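In our numbering, the protein residues as written are 3 to 121.
Just so it is clear, CB atoms sit at the ideal spot from N, CA and C, and this is done for glycine as well.
The model shown is predicted, which means the values in this text are computed figures rather than measured ones.
Remarks on the structure that follows.
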């Protein structure tokens, strides 16, 4: 008699996206797909009345059209209305911009975003 191995179903699980993941997605969309996220540092913080996270990110825009997108990204970021479930974006700042022209135009934009837990 042959032993049969029961058939098993496999499911692929998609991990839950964190608020930091959602913020990265929102910023990437704001960069119109022309910016590459170089670094992302997330730091938790809390005070007596609030808790949240501070996100420091660096985006790189390489090429003439990407640099134009980077300039627009830097201009609209501080006033952009973010939608991150369970979070409030308290502050979004451009903390640095670096332009290079050789060998091709490149722009690096550093941003800091402060998110509060929306309780």
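*Taking buried to mean at least 16 other C-beta atoms within 10 Å of its own C-beta, is residue 35 buried or exposed?*
exposed
*From residue 17 to residue 23, what distance separates their C-alpha atoms?*
11 Å
*Between residue 51 and residue 87, what straight-line distance do the alpha-carbon atoms span, to the nearest angstrom?*
20 Å
*Using 8 Å as the Cβ pair cut-off and three pairs as the minimum, do the region 84 to 100 and the region 39 to 50 touch?*
no
_So within the region 84 to 118, which uninterrupted beta strand (DSSP E) runs reach at least 3 residues, ignoring any that extend past its ends?_
89 to 102
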